[in-house]
Amino acid sequence: MGTCASFGGIGADSDIMASGLQFTKWEMGGLLGQDFRTPNGLPVINLPGCPCHCEVVVGALSAIAADMPLDLGHYNTPVNWYGVMVHQGCTRNEYHEYRVEEKRFGERGCLFFYMGCHGPLVTGPCNKVLWNRRSSKTRVGVPCFGCTRPDFPQQYPFFETRNIEGIPIELPDGVSRAHYMAYKGMAAAAAPKRLIKRETGI
Amino acid sequence: MKKTRKVIPLNRVEGDLELHLEMDDHVVTQVRSVGTMYRGIENLMIGRGPMDSLVITPRICGICTTAHLNAAAKALDMAYGVDIPDNAKRLRNVTLMVEQLQNDVRHAVLLFMPDLIHTSYTHQPLFSEAFRRYAVLKGEATLQTVQETKRLLEIIAILGGQWPHSSFMVPGGVVTVPADSDIIHCRHILLNFRKWYEDRILGCALERLNGICSWQDLDAWLDESPDHHDSELGFFIRYARALGLDRVGRAHDTFISCGGPDLPKDTAVGRQGELRGFAFAGFYSGQGVKPLDPHIIREDISSSFFKDEQPDRHPFEGRTVPLDGEGDDKKYTWAKAPRYGGQPAETGPLADMVISGHPLFVETLEASGASVLLRQMARLIRPAMLLPAIDQWLSEMVSCKGPFYKDYTKKVTSQGYGFITAPRGFLGHWLKIENGHIVNYQVITPTAWNASPTDANGVRGPWEEAIVGTSVRDTGDPIEVEHVVRSFDPCLVCTVHVIDP
Ligand code: SF4
């Protein structure tokens, strides 16, 4: 449970050279080795996140206790919670759609192009189940730092998006660059005034 | 005389703590406070972008995460020379203080009290009542505290996205622009918490409590009504006295506080008057209170598993180099020893009460010194000082229209520090930037002050000092020593210099 136990996390690049139970960052392996299985034949089930959302912990444990099947996706994470992008459900989605992107804090637009938001790049239920039943970082204007991803904390600075000619180097999961650039150009041209003026109440 | 040695690992603390005790005929004669794990977070910061501290350092601790964020943001504010807008101060303060509220109540009820239903107290007349209130996962007060503090933290989520581990404070202010409706929800949540705190923890309105200036007043308050007598505060005072907790746990009686939150320029909240209760930054010793001088803070590594050609350094020059092999037998912990002008100092709610001049606490301290009871009482009462200010700042966020963030110019080479009163006391972050990267980052946490080991002069840290001399009934299970340590609200994850923290 948590990114450290799953992938090594904050300690992976430090003097303690931490590894996860069955992964070290992106690589299978880790403390128990890639062949490890429990007596019931299960691999390590990873619940990454820094922190891991409490509903994910309780949900996964309940499923196991009730003998319910728990489908595992990438990095042996349960798809129920890690099959959704963090971006899904963010209240800034409409800004994202029309490429109304922010370059400074304290605004209402999207944080993907310039402010380092990882919402469309990583999976996690932050904007689906919400935090403390109320909100999420991206909703209030904190970029997603990708804390569920095997390379968290990343080696390049937070709060900035690495880009080529204004387009992020890392595009949303599974998207082609050429199509994405065409789509974003048209989307920006189609952006309604109320968004450009940040007139939504979010 | 019977000599005993005993190692006690402490549970219900964040992190790994062991106490190595030597006892002579049921009295503790020597103690070593041992942080058993290295994390190395400070070294992890070196070479990173300055803003990365806002993401990494809140993860030092799952309880004072907002305090670390605030300290990191303040260090950057100072490094970049930016004076943040009033509304940003209000929002930062509200979230910081909400975190203090939850910690004060959770520590008092969920972490400290369970030791009072230890099997060696079953003969106590108040035992069964204590059990009814504080039994783990069952006690009435326990369950209510879990529910109420959980709800309270929703305020931080509304204003900062999530608790723990958000990064909504940035140099220049905060990223959030809360809608008026957000503030209304926050005020509702706060009001509900206040009502529960008044009914259950205090047994009276906040205002009534603020009138208590001496033990005479307090005893009169206890007898005044069954609500007072039976509240958590009333019950705690009665039971703690019966167990003699007013007579154990005295340390050096030196205290350090970095003061209340930064006041906005235009606000009804002050350091005096009705909404008082905030300490200023200061150091209290036998000679009264002196303003805090940041230059004379040093960290000593004489007893710590670190190497350095100097025995101590100012945090701006601080180093965290773990020993490769075993040290000499003087070295016993992964915690460093912070000293103020060469002296150890205790920090936390009691330090705040003393330095803010609260008459009840100052009077007791001068008469008989600090104790387990006094520390816990400070923790139970502190929310009463914080609640009105939080509500006032929430309402000012709506009434005083103004920005929450201000643009500034980044400097490629600079330095700064951020001092914050975290739930457990004085938290400091020191940051040095060269060529746009962090070249040094040092953190001194409240528990680092309290849990500090013995320094080059052979002077013990506060809780070591508080433990020595404690009488223990059962040397195989020295619960009295646990009360003493617990009264400092120990948190070791942030204190040990893990290969990362
Ligand atoms: S802020 Fe992040 S999560 Fe929200 S819409 Fe933009 S990219 Fe998606």
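Just so you know, the sequences run in chain order A and B. Quick note: the first sequence uses numbering that gives the first Met the number 0, first residue 0, plus one each step. Quick note: the second sequence uses numbering that gives the first Met the number 0, first residue 0, plus one each step. By construction, the Cβ of each residue, glycine as well, lies at the ideal position given by its N, Cα and C atoms. It should be emphasised that the depicted structure is a prediction, and the values quoted were computed from it without experimental measurement.
Local conformation of ASN39(A) per DSSP, three classes: coil
Under the rule that 16 or more other beta-carbon atoms within 10 Å means buried, what is VAL174(A), buried or exposed? exposed
Decide if ALA369(B) is buried, meaning its Cβ has at least 16 other Cβ atoms within 10 Å, or exposed. buried
Rounded Cβ spacing between LEU110(B) and ASP245(B) (contact assumed at less than 8 Å): In fact, because the Cβ distance is near 20 Å, the residues do not count as touching under 8 Å.
Which one of LEU43(B), CYS490(B), ALA66(B) and SER119(B) has the shortest CA to CA distance from ILE155(B)? ALA66(B)
Residues from the stretch 95-107 of chain A in contact with chain B, defined by Cβ distance under 9 Å: Of all residues in the stretch 95-107 of chain A, the ones placed with a Cβ closer than 9 Å to any Cβ belonging to chain B are ARG103, PHE104, GLY105, GLU106 and ARG107, in chain order.
Would you tell me roughly how many angstroms separate the C-alpha atoms of PRO500(B) and GLY7(A), rounded to the nearest one? In this prediction, PRO500(B) scores a pLDDT of 23, lower than 50, which makes its location untrustworthy; the coordinate-derived value is nonetheless stated afterwards. Each residue's alpha carbon lies about 15 Å from the other.
Can you find a C-beta in chain B that's less than 8 Å from the C-beta of ASN49(A)? Note that residue 49(A) corresponds to Cys in the displayed sequence, not to Asn. Contacts with chain B at 8 Å (Cβ-Cβ) include CYS49(A).
For TRP130(A), the residue or residues it bridges with in DSSP: Per the DSSP secondary-structure output, TRP130(A) pairs in a beta bridge with SER134(A).
Going by DSSP, what residues sit across from PRO437(B) in a beta bridge? According to the sequence as given, residue 437(B) is Ile; it is not Pro. Bridge pairing for ILE437(B): ILE432(B) [DSSP].
Pair every Cβ in the stretch 257-272 of chain B with every Cβ in the stretch 317-337 of chain B, then say whether three or more of these pairs are closer than 8 Å. Remark: fewer than three beta-carbon pairs, one from each stretch, lie closer than 8 Å, so the stretch 257-272 of chain B and the stretch 317-337 of chain B are not flagged as touching.
Whole-angstrom distance between ASP51(B) and TYR155(A), CA atom to CA atom: The straight-line gap from Cα to Cα measures roughly 9 Å.
Give me, in chain order, the residues of the same chain whose beta-carbon lies closer than 7 Å to that of VAL43(A); leave out the 5 immediate sequence neighbours on both sides. Here the set comprises LEU20, GLN21, LEU31, PHE35 and ASN75.
Within-8 Å CB hit, CYS490(B) to chain A: no
Note down the Cα distance separating ALA129(B) from LEU136(B), rounded to an integer number of angstroms. 14 Å
Extent of the continuous beta strand (DSSP E) run through ARG4(B): 2-8 is the extent of the beta strand (DSSP E) around ARG4(B).
Closer than 7 Å to the ligand SF4: residues, by C-beta to nearest heavy atom, in chain order: Working through the chain, the matches are VAL85(A), HIS86(A), CYS89(A), ARG91(A), ASN92(A), TYR94(A), HIS95(A), CYS109(A), LEU110(A), PHE111(A), CYS116(A), GLY118(A), PRO119(A), ASN126(A), THR137(A), PRO142(A) and CYS143(A).
Look at the alpha carbon of THR412(B) and the alpha carbon of GLY48(B), and state the distance between them as a whole number of angstroms. 12 Å
Under 8 Å between C-beta atoms of THR346(B) and PHE425(B): yes
Between the alpha carbons of ALA187(A) and ILE443(B), how many angstroms are there, rounded? So the two alpha carbons sit approximately 47 Å from each other.
ASP351(B) - containing alpha helix (DSSP H), residue span: Bounds of the alpha helix (DSSP H) holding ASP351(B) are 348-354.
Measure the alpha-carbon distance for GLN153(A) versus TRP80(A) and round it to whole angstroms. Roughly 22 Å separates the two Cα atoms.
Going by C-alpha distance, which of ASP406(B), ILE432(B), SER394(B) and PRO57(B) is nearest ALA267(B)? SER394(B)
List, in order along the chain, the chain A residues whose C-beta lies closer than 7 Å to that of TYR404(B)? PHE104 and GLY105
Simplified DSSP state of VAL30(B), which is helix, strand or coil: strand
Any C-beta of chain A within less than 9 Å: which residues of the stretch 161-191 of chain B qualify? GLN161, TRP162, PRO163, HIS164, SER165, SER166, PHE167, VAL169, GLY171, GLY172, VAL173, VAL174, THR175, VAL176, PRO177, ALA178, SER180, ASP181 and HIS184
Ends of the beta strand (DSSP E) at TYR283(B)? 280-284
Contact residues within the stretch 28-48 of chain B, judged by C-beta distance below 9 Å to chain A: Taking 9 Å as the Cβ-Cβ cut-off against chain A, the residues of the stretch 28-48 of chain B that qualify are TYR37, ARG38, GLY39, ILE40, ASN42, LEU43, ARG47 and GLY48.
Where PRO57(B) sits in the DSSP three-state scheme: helix
Rounded separation between PRO422(B) and LEU90(B) - CA only: Near 17 Å, if we compare the C-alpha coordinates of LEU90(B) and PRO422(B).
Kindly indicate which three-state DSSP category ILE419(B) falls into: helix, strand or coil? strand
From the DSSP output, in three-state form, read off SER13(A) for me. coil
Looking at chain A, is there any beta carbon in it that lies within less than 8 Å of the beta carbon of VAL54(B)? yes
By the criterion of Cβ-Cβ separation under 7 Å, what are the contact partners of ARG133(A) in chain B? Within 7 Å Cβ-Cβ: GLU153, ALA156 and ILE157.
Looking at chain B, which residues of the stretch 147-170 of chain A have a Cβ within less than 7 Å of any of its Cβ atoms? PRO152, PRO156, PHE157 and PHE158
Got a sec, what are the start and stop residues for the alpha helix (DSSP H) ASP390(B) sits in? 371-398
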